[in-house]
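Going by the numbering used here, 623 is the number at position 156 of the sequence shown; the sequence numbering is gapless.
All remarks here apply to the structure that follows.
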Amino acid sequence: MRIAILGAGGVGGYYGGRLVEAGADVTFLLREARARLLAERGLVIESPLGDARLSVKTATRVDSPFDLVILACKAYDLDAALETIAGAVGPGTAILPLLNGLVHLDIVAERFPRAKVFGGVAQISSTLDENGVLHHFGERNRIIFGTRDGSRDARLAAVETAFANTPVEARHVDDIDRWMWEKFVLLAALAGITSLMRASLGDVLATPAGERLILQLRDECKRVARAEGWAPSPESEALLAVLTERGSSLKASMLRDIERGAPTEGEHILGDMHARAVRAGIETPILEIALTHVRAYEIGRRERA
């Protein structure tokens, strides 16, 4: 099975690198600068689960279809990413996006109506440093994927099997929408509150009203998710418990983007959650304030650019 991965950053680089370690046929679709760096130095992974320096195949454009294309880009780069992978997508190609949120699934399916679009969730903390080295933090490195209709797919089964020989916990599930909604609720609450307050969860929780506001935003997002058919699982409650961990240094990547003056996934995460709330007639006052805050930041950022 031929696999193309759009991006070799913290997500695509890590999971793609582990697949290369397992002997999978992987090609990374990259910008020229990143492709040159990987050609010179290899894909370097530093992880508590095992370091690696890998020689990998790269391309800046392709003109033949792959069996599976994995999208590992930021939401604000999605349009450009879809143009980049166009040559890799044929009638028999499947696409596995690992983006945050949900709205991208319809965008990808509309752009490539003949391709099969899977759902996927990446659960990992990783980043690239200024030298292009990929740093994986902690031991959490799970990837969950499945078809939208719950059926089994041979390509996903093959990916699951390949990951079995790596440190990655890979799961081919029959309820991927549930997993995506659970991450969406967590991320919208985390991104909303830390971006709005410009602070870590621990610092927000240290204020008199902090926990109440976090829980209010969490519950707003949960109501939206339930209106869309999501039923929380025991695992989701444990996942959401991170929002109230005292002393936590956790910040959403959205806040880190704001702190460095970069584009954010505000519309893809907070904007989409709010749009779904409006369609369902659900009041989400904290979410709306957080969204407005990020939108105002984006307006100012574009004016200064």
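In this text, a Cβ means the ideal position worked out from N, Cα and C, and glycines have one as well.
Just so you know, these numbers come straight off a predicted model, no measurement behind them.
Residue ranges of each alpha helix (DSSP H) within the region 690-744, 4 or longer: 701-707, 720-726
Distance between residue 481 and residue 703 (C-alpha atoms, nearest Å): 25 Å
In DSSP terms, what residue 520 is bridged to: 511
For residue 650, three-class secondary structure by DSSP: helix
Three-way DSSP call (helix, strand, coil) for residue 662 in this model: helix
DSSP-derived helix/strand/coil call for residue 756: helix
Spatial neighbours of residue 514 in its chain, beta-carbon cut-off 7 Å, leaving aside the 5 residues before and after: 603
Of the listed residues 764, 751, 737, nearest to residue 567 (C-alpha basis): 737
Integer Cβ distance of residue 739 from residue 570, believed to fall under 8 Å: 4 Å
Residue 606 - DSSP class collapsed to helix/strand/coil: strand
Euclidean distance between Cα positions of residue 546 and residue 580: 15 Å
Limits of the alpha helix (DSSP H) - the one that residue 565 falls within: First-last for residue 565: undefined, no H or E at that position.
Residue 479, enclosing alpha helix (DSSP H) - first and last residue: 479-488
Contacts around residue 524, its chain only, beta-carbon distance under 6 Å, and the 5 residues preceding and following it disregarded: 494
Neighbourhood of residue 479 by C-beta distance below 6 Å, restricted to the same chain and skipping five residues each side: 472, 539
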